[in-house]
Amino acid sequence: MSDNKIRVRFAPSPTGYLHIGGARTALYNYLFARHQGGTMVLRIEDTDQVRSTDESTKAIFESLKWLGIDWDEGPFYQSQRRDIYSQHAQKLLDEGKAIYRDDPGKGKAIVFKMPAGRSIAFDDLIHGTIKFESDLLGDQVLVKSDGFPTYNFACVIDDSLLNITHVIRGDDHISNTPKQIALYEALGKPIPKFGHIPLIMGEDGSRLSKRHGHTSIGEYQELGYLPEAMFNFLSLMGWSPGDDIELMSKDEIIKRFTIERVKDKPAQFNLKKLTWMNSHYLKHLPIERLYQLTKPYLEKAGYDLAKASEAKAMKLVDLYRERIRVLSEIGEVTKFFFEDKVNYQAEAVDKFVKTADGKAVLAMVRDGVTGAGEFTHTSLEPVLRKVAETKGLKFQGVAQPVRVALTGTTVSPGIFEVMELLGKERVLERINACLI
RNA sequence: GCCCCGAUCGUCUAGCCUGGUUUAGGACACAGGCUUUUCAAGCCUGCAGCACGGGUUCAAAUCCCGUUCGGGGUACCA
6 MSDNKIRVRF APSPTGYLHI GGARTALYNY LFARHQGGTM VLRIEDTDQV
56 RSTDESTKAI FESLKWLGID WDEGPFYQSQ RRDIYSQHAQ KLLDEGKAIY
106 RDDPGKGKAI VFKMPAGRSI AFDDLIHGTI KFESDLLGDQ VLVKSDGFPT
156 YNFACVIDDS LLNITHVIRG DDHISNTPKQ IALYEALGKP IPKFGHIPLI
206 MGEDGSRLSK RHGHTSIGEY QELGYLPEAM FNFLSLMGWS PGDDIELMSK
256 DEIIKRFTIE RVKDKPAQFN LKKLTWMNSH YLKHLPIERL YQLTKPYLEK
306 AGYDLAKASE AKAMKLVDLY RERIRVLSEI GEVTKFFFED KVNYQAEAVD
356 KFVKTADGKA VLAMVRDGVT GAGEFTHTSL EPVLRKVAET KGLKFQGVAQ
406 PVRVALTGTT VSPGIFEVME LLGKERVLER INACLI
């Protein structure tokens, strides 16, 4: 590998699902690497014996994959590299830079002696120069009494051994950076560049957490947000290309991403904008993919997809793509098509079906349609228009009773499409049922 | 408490580095309108912001200082 190639890493700790903030950190590392043909490394920081779980690790992989964030090297597991950390700790011990410390009730740990009276400064890629006084830092535990390294130690050893050139991570690590720099120096290792991206806040301005609603990527996947929408949205959470363009493909984002344009101010997560962006992507999805993505939700709603013609089901989903904002909404709105029993809304029926006009219109539509050979938008439209004309009603006066009779509600896609999809038999059946 | 980071419409942001081109631009949300077969979608319009106070300068959203407010850290968590 050539020396001038940049190398970044995403290093989550597997103590929970991949959340919005972690995903954004992963994304920025990914974007930074892909933009300049660098290498992306994945490292699992599972040094917390108590909180780390395999389930979390698996969920993190899955969410990254779903988002379209891939990596070139790894995953490396810190729990499997204990001897490496021990060796380096021993070296520091031998050189007198670290000592054993026995804290009552905790056992013996290896502790790094923080050099006194020093200013430790670094040039942050996002914030500019940041300076700390070493006297305020205190000695740092390197190896815990359980034999596992602490975050700051394992992180430095691994970043160094993996030749990481740019450490891009959350703002919450700023105060860890001087401690890590002191360690790099003690170890005699080159110091990488650091870029600290601001945290993502909840809609009330406090740090994003579970109480703000859905915070894990997996939850958004389940709700039916599209990965391309999430990718696009997350990329804009703290970064902008510098012009007014917001809707961008993955390739375009990679092409335009630079770390210099990352904001140094925390951003609040805005679900409504994500949802808007999702509906945009929903509108432009190829029909086959849309249908495939939609299927699980239809099945979850208990519909027997084998029973309906696939062509019709696809057409139906296509009609609803502009009416739903997330995939999971598809089940409820397509009920009238997949289920034989229509769930009639009382107010809708009272207003449009039970009235004199409503009944007359339905009867006329039924009669007009009964003879129809074809049952398509084109053949149906003249029939309904004629009914409106004969009754002296606006077209709406015909469409609404029919809509309610067929779907049970006052809201649906165009009435001709609905009739065509339902087919002659079911249309007549439902209208007749309403006329009894 | 101490250390660190930050502050442009309600929110995400452009502009700030390289001060005048800004009546501060875009997007989401919200409000109104158009279209219309209901709902969406689409299109148009509107509402709304440089936290405050000092400097520097002919000129500051842009540079400097302070205040206030928000956030992060201060673990044998990561």
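Every position in the first sequence, counted from 1, becomes a number in my numbering once 5 is added.
Cβ coordinates follow ideal geometry from the N, Cα and C atoms, glycine included.
These numbers come from a predicted model, not from an experiment.
In the DSSP assignment, the beta strand (DSSP E) including residue 370 goes from what residue to what residue? Where residue 370 is concerned, there is no enclosing beta strand (DSSP E), although the alpha helix (DSSP H) it sits in stretches over 361-375.
Take residue 30 as the anchor and find which of 225, 404, 265, 203 has the nearest alpha-carbon. 203
Per-residue burial, residue 387 [other beta carbons within 10 Å of its own, 16 or more giving buried]: exposed
Kindly list the residues whose CB is nearer than 7 Å to the CB of residue 59, restricted to its own chain and excluding five residues on each side of it in sequence; keep chain order. none
Verify whether the separation of the beta carbon atoms of residue 239 and residue 72 is less than 9 Å. yes
Quick one: residues in its chain with C-beta nearer than 6 Å to the C-beta of residue 261, no 5 flanking neighbours on either side, listed in chain order? 246
I'd like the ranges of any alpha helix (DSSP H) spanning at least 4 consecutive residues and lying wholly in the stretch 129-158. none
With a CB to CB cut of under 7 Å and the five nearest residues on each side skipped, what residues in its chain are close to residue 197? 164, 169, 170, 171, 172
When we look at the beta-carbon of residue 440 and count the other beta-carbons within 10 Å, is it buried (16 or more) or exposed? exposed
Quick check: the Cα distance between residue 124 and residue 138, rounded to an integer number of angstroms? 5 Å
Backbone CA spacing between residue 160 and residue 242 [nearest angstrom]: 26 Å
Going by beta-carbon coordinates alone, are residue 308 and residue 341 separated by less than 9 Å? no
Residues near residue 408 by beta carbon distance below 6 Å, same chain, minus five either side: 417, 420
Neighbourhood of residue 425 by C-beta distance below 8 Å, restricted to the same chain and skipping five residues each side: 380, 381, 382, 385
Through-space distance from residue 327 to residue 288, alpha-carbon basis: 6 Å
Determine the DSSP secondary structure at residue 81, reduced to helix, strand or coil. strand
Can you give the beta carbon distance from residue 295 to residue 304, rounded, assuming they're within the 8 Å contact cut? That pair is no contact at about 15 Å.
Compare the beta carbon distance of residue 38 and residue 56 with 9 Å and say whether it is the shorter of the two. no
Go through its chain and collect everything with a Cβ distance to residue 253's Cβ below 8 Å, but skip five positions before and after it. 237, 240, 246, 261
Applying the criterion that 16 or more other CB atoms from any shown protein chain within 10 Å of the CB defines a buried residue, is residue 141 buried or exposed? exposed
Completely contained beta strand (DSSP E) runs for the stretch 52-100, where each covers 3 or more residues: 78-82
Nearest to residue 281 (by Cα), restricted to the options 126, 251, 106: 251
Report the partner residues of residue 202 according to the DSSP bridge assignment. 175
Member of 114, 391, 10 whose CA lies at the smallest distance from the CA of residue 372: 391
Nearest to residue 234 by CA position, among 286, 244, 249, is which residue? 286
Below 9 Å between beta carbons: does that hold for residue 423 and residue 411? yes
Report the three-state DSSP secondary structure of residue 340 (helix, strand or coil). helix
Please classify residue 291 as buried or exposed, where buried requires at least 16 other C-beta atoms within 10 Å of its C-beta. exposed
What do you get for residue 166, buried or exposed, if any count of 16 or more other CB atoms within 10 angstroms of its CB means buried? exposed
Best match in 335, 354, 330 for proximity to residue 320 [C-alpha to C-alpha]: 335
Counting only runs that start and end within the stretch 17-44, where is the alpha helix (DSSP H) found for 4 or more residues in a row? 25-40
Whose C-alpha, out of 214, 105, 299, is nearest the C-alpha of residue 323? 299
Span of the beta strand (DSSP E), counted from its first residue to its last, around residue 13: 12-15
Note down, one range per segment and in chain order, each alpha helix (DSSP H) of at least 4 residues found wholly within the stretch 267-317. 276-288, 292-305
Let me confirm a value: residue 17 is counted as buried when at least 16 other C-beta atoms fall within 10 Å, else exposed. Which label applies? buried
Local conformation of residue 6 per DSSP, three classes: Caution applies to residue 6, whose pLDDT of 44 falls short of 50 and renders its modelled position unreliable; the value that the coordinates give is listed next. Coil.
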